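Encoded as structure tokens, the structure appears first; notes follow it.
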Amino acid sequence: MRRNGVRTAALAALAVTGLLAAGTEPAAAAGSRPVETHFSLGFVKGFLFPGSSPDGANDWSCRPSAAHPNPVVLVHGTLENQNDNWGGAAPLLANQGYCVYSFNYGGPSAGSPVQGTGPIADGAKTLAAFVDRVLGATGAAEADLVGHSQGGMLPRYYLKNLGGAAKVGKLVALAPSNYGTTLDGITELGRQLRILEPANDFLAGPCRACVEQEVGSPFLTELNAGGGTVPGVEYTVIATRYDEVVTPYTNSFLPAGPHVTNILVQDQCPLDATDHLEIGYDPVALTDVLNALDPAHPRAVPCQVVLPVTGPLL
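Count along the sequence shown from 1, then add 16; that gives the number in my numbering.
Below is the structure:
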């Protein structure tokens with residue numbers, strides 16, 4: 017039923033292509049790096065080269081400007097890596113004058129294309145060390161974090177348990193697994209039928225992070241105890257109604273509060289049928305990222321046809 021909903025939205029979008037109000041790049045770029053807006057292309061380009069930084073990231077000579085004093089650290093999602101996850105956001109942010117950094121965590125080996133599968137707490141420790149390296153290199157007092165999927169939730173462990181709140185100004189999360197996923201109800205059904213435990217035992221080896229992101233897992237229960245945020249950090253969550261990985265999609269959102277902004281992409285642009293994978297490349301969502309990082313200079317959010325996985329039509 018969810019897939020049918022995505023297809024219906026995509027077909028409806030096709031019917032109104034004459035209403036498109038923007039191109040495929042989310043903002044006019046100050047730099048000249050090409051910005052990929054199609055997950056399918058960015059993933060294929062970056063998947064087999066996890067050790068390579070996405071274009072625009074990891075220039076260790078970069079010094080933050082007065083306009084953008086906080087360096088931006090990109091945190092990839094489960095089963096992804098720095099290069100296939102951030103082929104759109106890294107060059108976009110670098111074009112706009114940010115010092116941008118990315119890294120890998122949680123993979124079976126440093127050279128594996130598949131990362132983000134190990135225990136989430138271990139990944140948070142890797143993030144903590146990387147942020148320290150970035151702050152040391154740039155001389156900045158704080159960094160801002162932009163994460164996708166697990167990469168939008170994992171930093172909350174760093175902020176809560178590893179002293180990250182003193183080193184981070186903003187956390188911007190694209191389709192984060194903040195309150196877990198039922199994988200379209202399959203895991204919840206398995207739990208009720210008491211047939212999920214063997215599957216969990218299997219997953220716990222190759223993908224401990226997958227098990228820890230299930231609704232009601234001990235990891236998420238501890239993480240969310242006492243509230244979803246910590247003082248001193250600004251949180252922005254950007255989610256899509258057509259998320260097929262974090263289900264229900266509302267589990268991405270954090271509890272409402274003065275330092276929390278929850279955004280549903282389709283509330284801004286009904287033409288946008290982005291899914292969990294495409295949202296990291298979606299020009300609509302990436303404009304939200306720019307606005308979250310620099311709220312003093314808001315940009316108009318474009319509205320255009322964006323399809324699941326394959327991205328914008330134009």
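Just so it is clear, CB atoms sit at the ideal spot from N, CA and C, and this is done for glycine as well.
What you are looking at is a predicted structure, and each value in this text was computed from that prediction instead of being measured.
Asked, Found
"Would you tell me roughly how many angstroms separate the C-alpha atoms of Thr133 and Ala316, rounded to the nearest one?", "36 Å"
"Please name the residue in Val281, Gln284 and Gly243 whose C-alpha comes closest to that of Ala272.", "Gly243"
"Quick one: grab the DSSP three-state call for Tyr114.", "coil"
"Rounded to whole angstroms, what's the CA-CA distance from Gln284 to Val253? Just pull it up for me.", "14 Å"
"Can you tell me where the beta strand (DSSP E) with Asp160 in it begins and where it stops?", "Ala159 to His164"
"Could you check if His313 is buried or exposed, using at least 16 other CB atoms within 10 Å of its CB as the buried criterion?", "exposed"
"CB-CB under 8 Å to Gly113, same chain, minus the five flanking residues each way: which ones, in chain order?", "Ala46, Gly47, Ser81, Ala83 and His84"
"Going by DSSP in three states, Pro286 sits in which element: helix, strand or coil?", "coil"
"Leaving out five residues before and five after Thr326 in sequence, what residues of the same chain have Cβ atoms less than 7 Å from its Cβ?", "His54 and Ser56"
"Excluding five sequence neighbours on each side, which residues of the same chain lie with their C-beta closer than 6 Å to the C-beta of Leu329?", "Val321"
"Mind checking who Gly327 pairs with in its DSSP beta bridge?", "Leu323"
"Is Val91 near Ala181, with beta carbons less than 8 Å apart?", "no"
"Apart from the five residues on each side of it in sequence, which residues of its chain come closer than 7 Å, Cβ to Cβ, to Gly127?", "Pro66 and Gly67"
"Once you ignore the five residues that flank Pro135 on each side, which residues in its own chain have a CB closer than 8 Å to its CB?", "Gly122, Arg224, Ala225 and Glu228"
"Since Ala189 sits in a beta bridge, which residues does DSSP pair it with?", "Gly163 and Val253"
"May I have a chain-ordered list of the beta strand (DSSP E) segments no shorter than 3 residues that lie completely inside the region 59 to 96?", "88 to 91"
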